[in-house]
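If you're matching positions, the sequence shown starts at 1 in the working numbering and goes up one per residue.
From the three backbone atoms N, C-alpha and C, an ideal C-beta is built for every residue, glycine too.
Keep in mind the model is a prediction, meaning the values are calculated, not measured.
So the structure is just underneath, and the comments pick up after that.
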Amino acid sequence: MFNDKSILITGGTGSFGKKYVKSILDRYRPARLIILSRDELKQFEMQQVYNDPCMRYFLGDVRDAERLTQAFQGVDYVIHAAALKQVPAAEYNPMECIKTNIHGAENVISAALANNVEKVIALSTDKAANPINLYGATKLASDKMFVAANNMVGKRQTRFACVRYGNVVGSRGSVVPYFKKLLAEGADSLPVTHEEMTRFWITLQQGVDFVLKNFERMQGGEIFVPQIPSVRIQDLVEAYAPGTPYHVVGIRPGEKLHEIMCPSDDSHLTLKFDDHYVIRPSITFFNAAYDYTENKLGETGTPVPQGYEYNSGNNPDFLDITQIREFDKFSEL
């Protein structure tokens, strides 16, 4: 569905954007593949690797509504990946996080509507489910905005959806590169926030593939959540540094013991498909009445039990130490 289409990704010089671009260029023949981001150095470095004739590099910030409206001209599909994501930085700089994650989301929605973009998918995060930190709260607000945007389309073709998943193995800011850095520096013990901590685990390629598939699945208003395995923090230490002791440093401000992707408060809205969940909108759209139990690929889902919560602690699928190492290999491909 991406052949001969114009695709734009905000924040496209990040880990997701690079893997996404590689996947698109390997599999499809887009008319234009546009990277919009604010860092000229990262764009220059990315151009040395990805310089296909269809590639375009636009300098711009999602905070700049006028720039987005200009950049979205003639675009068919948008992935909104730009965000301020560091939890401690958001706590110390709340207004900056709000400007990018909330006002930026509003600008993306407005620009998409102004240019009659066909489909928009916004990347969410597990931290948006029952948020306890500012970053999560801004992403929850963003999710709500993208869902509600389907009520603003009028007679336009534009549709909006969100994709939510947890920790990406090896991405910037994740624990794996941090552990590897400490070990390379000769650390004889690794820091662990809590012995019982668990996390969802997904490779960058899996995340990209999930987003691509949901462009085909989406009707508008869904929050898509993949069914993925969990890991225990103690198993991570053993996988990357067998026999190395750890020391407990305590849960950091705004951090959870277990990640949540489908909160129990949304169980009445949640559908379980073969390999993913869909959280339906809590509002009714005036211009459409979608039956989310069947998506555009013909896949069918069923309601989860009342009170059901999908979190990394109650997940039936946990990786063992060998599987964690295998995931690490996949993350480098």
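Residue(s) in a DSSP beta bridge with residue 294: For the purposes of this step, residue 294 is identified with residue 294 of the sequence shown, where counting begins at 1. Assignment of beta-bridge partners to residue 294 by DSSP yields 300.
Cβ pair count under 8 Å reaching 3, the segment 134-148 against the segment 94-114: yes
Cβ shell of residue 183 (< 6 Å), same chain only, five flanking positions each side left out: As a working note, residue 183 is residue 183 in the sequence shown. The answer, listed in chain order, is 241.
Whole-angstrom distance between residue 160 and residue 336, CA atom to CA atom: Residue 336 lies beyond the range of the chain shown here (1 to 333); nothing can be said about it.
For residue 270, three-class secondary structure by DSSP: On the sequence shown, residue 270 is found 270 positions in, with the first residue counted as 1. Residue state, collapsed to three classes: strand.
Strand pairing of residue 36, partner residues [DSSP]: Along the sequence shown, read from residue 1 onward, the residue named residue 36 stands at position 36. Residue 36 is bridged to 10, 58.
6 Å CB neighbourhood of residue 238 in its chain, flanking five on each side removed: Residue mapping note: residue 238 aligns to position 238 of the sequence shown, counting from 1. Cβ within range, chain order: 321.
Rounded separation between residue 57 and residue 9 - CA only: On the sequence shown, position 57 is the one that residue 57 refers to. On the sequence shown, position 9 is the one that residue 9 refers to. Spanning the two alpha carbons is a distance of roughly 10 Å.
Secondary structure of residue 80, DSSP reduced to three states: Translated into positions along the sequence shown, residue 80 becomes position 80. Correct three-state label for residue 80: strand.
Residue 121 burial status per 10 Å Cβ neighbour count (16 or more: buried): Stepping through the sequence shown from its first residue, residue 121 is reached at position 121. Flag for residue 121 reads buried.
Spatial distance of residue 255 from residue 282 (CA atoms): Position 255 of the sequence shown, counting from 1, holds the residue named residue 255. Position 282 of the sequence shown, counting from 1, holds the residue named residue 282. C-alpha separation (whole angstroms): 27 Å.
Close beta carbons around residue 188, own chain, < 8 Å, minus the five adjacent residues each side: Walking along the sequence shown from the start, residue 188 turns up at place 188. Cβ within range, chain order: 244, 245.
Close Cβ partners of residue 82 (< 6 Å) along its chain, the five nearest in sequence each way excluded: One-based indexing of the sequence shown puts residue 82 at position 82. Correct list, in chain order: 10, 11, 62.
Opening and closing residue of the alpha helix (DSSP H) in which residue 210 lies: Residue numbering aside, residue 210 sits at position 210 when the sequence shown is read from its first letter. Where residue 210 is concerned, the enclosing alpha helix (DSSP H) stretches over 204-217.
Beta-bridge pairing of residue 262 - partner residues as DSSP gives them: Against the sequence shown, residue 262 aligns to sequence position 262. Partner(s): 310.
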